[in-house]
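J.:
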Amino acid sequence: MTNHVEIAVWGHPFDEFAEGEDGPAEILERLTRLREAGVTTYFALLATAGMHYFASRTLGPAARELLRPLTEAALEVGIEIIPVVGLGQPGKLSRGLYEPPLEVADVPEWALSWPCAAWGENHEHAVLIANELIEDYGVSGLQLDYSRFPDAELLAKNPCACERCQNARLRWLGKPYPEPQDLRIPGVAFKELQMRMEFVRSLVESMRGLADHHGITLSVAVRGRYYEDALPEGQDWAEWCADGLVDEICTAPAVLSFGRFARYVSQHQRLTAGCEAKWLEGVGAEADAIHLDLDALERQSRFAASAGADGICVSRAGLIDEETAGVLRELAQL
952 MTNHVEIAVW GHPFDEFAEG EDGPAEILER LTRLREAGVT TYFALLATAG MHYFASRTLG
1012 PAARELLRPL TEAALEVGIE IIPVVGLGQP GKLSRGLYEP PLEVADVPEW ALSWPCAAWG
1072 ENHEHAVLIA NELIEDYGVS GLQLDYSRFP DAELLAKNPC ACERCQNARL RWLGKPYPEP
1132 QDLRIPGVAF KELQMRMEFV RSLVESMRGL ADHHGITLSV AVRGRYYEDA LPEGQDWAEW
1192 CADGLVDEIC TAPAVLSFGR FARYVSQHQR LTAGCEAKWL EGVGAEADAI HLDLDALERQ
1252 SRFAASAGAD GICVSRAGLI DEETAGVLRE LAQL
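The numbering of the sequence shown is my numbering, which starts it at 952 and goes up by one.
(1) Let me check one thing: in DSSP terms, what residues is His-1003 bridge-paired to?
(2) So is His-1164 buried or exposed if we call it buried at 16+ other beta carbons inside 10 Å?
(3) Less than 8 Å between the CB atoms is what I'm expecting for Pro-1034 and Ile-978, so what's the real figure, rounded?
(4) Taking just the CA atoms, how far does Glu-1083 sit from Arg-1008?
(5) Pick from Arg-1221, Ala-1205 and Asp-1272: whose alpha carbon is nearest that of Glu-1179?
(6) Assuming Asp-1102 and Ala-1062 are in contact, meaning their beta carbons sit under 8 Å apart, how far apart are those beta carbons, in whole angstroms?
(7) On a Cα-Cα basis, can you pick out the residue from Val-1234, Ser-1257 and Ala-1258 that is closest to Ala-1247?
(8) Cys-1192 to Thr-1168, Cα distance in whole Å?
(9) CB-CB under 6 Å to Ala-1276, same chain, minus the five flanking residues each way: which ones, in chain order?
(10) Closest by CA to Leu-1053, which one among Cys-1111, Ala-1260 and Phe-1005?
(11) What would DSSP say about Gln-1117, mapped onto helix, strand or coil?
(12) Alpha carbon to alpha carbon, what distance is there between Trp-1123 and Pro-1051?
(13) Look at Leu-1231 and Ala-959 and say whether their C-beta atoms are less than 7 Å apart.
(14) Indicate whether Leu-1207 and Val-956 have their beta-carbon atoms separated by less than 7 Å.
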């Protein structure tokens, strides 16, 4: 068991602080409750659905300013606010998006607006936004999220057919797009994943350089299912960790059953062993399709700590009520 378990949370301030209820007093009250629950880090997602909630010359006018009052309140209560950045940030992009090979009916709408990691312009866009956050708000760190290609299951049927991905394949495949029978050849499947990993790693390296330039930390939120999701999506976070590209790994919560959770935690422990980066295991009070009761939350968190995790990251901050806060207070004392 670790001597101290760090408690971090992922937060959606635009949901937690409704318009008219987002003043300094309301934000201070909420962060005070989180700090009393043992939370020391708040990863703030500040861009969604084409809107952003911080000042940005790159993105234009903000829907609301939430980052400034968050950082001011956080200083008062002793919580670190870490903005989330990545390829998923909104922008006026007409090119450089994921493209299926044909007009496929089963491709979800969100995937068609996913900035493809093969485009250096998308990397530059993300770095520009990140640099503004550092310089304008004085944040001590950033968390890189959405640093990947879209969903692994989607990519298995429909690898990206954007211009850059097609051009890259011409070098190693001799044609712009793999046929289904091509991907059944181990060497072709390997080269396809290697291509994605190189594109995504380039973004991580750019963010590492930016973080080093400003002397701040770089955290990454990553897919918890390393072999099933992360690698097919180009997100080889174990390699990033081993190569010293990141300061912290936060694995996203992905499972309900304790047996499967324990298996993934053991995998994460092995993949991060010997790395200098901190490892925070993601647990979900309630996140998307994950609904975790308090007993399960506590059991998973204690197991992660016993396996050597430096802490946990709870999804999401807005769903932490008094009962959940009580559980977190106990966990913070481990």
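Heads up, the beta-carbon is just placed ideally off N, CA and C, and yes, glycines get one too.
It should be emphasised that the depicted structure is a prediction, and the values quoted were computed from it without experimental measurement.
T.: For this structure:
(1) Ala-998
(2) exposed
(3) Between Pro-1034 and Ile-978 a beta carbon distance of about 15 Å is seen, past the 8 Å cut, so the two are scored as non-contacting.
(4) 8 Å
(5) Ala-1205
(6) 7 Å
(7) Val-1234
(8) 13 Å
(9) Listed in chain order, the non-local C-beta contacts of Ala-1276 below 6 Å within the same chain comprise Ala-988, local neighbours out to five positions each way being set aside.
(10) The shortest C-alpha separation from Leu-1053 is found at Cys-1111.
(11) helix
(12) Their backbone Cα atoms lie some 20 Å apart in a straight line.
(13) yes
(14) no
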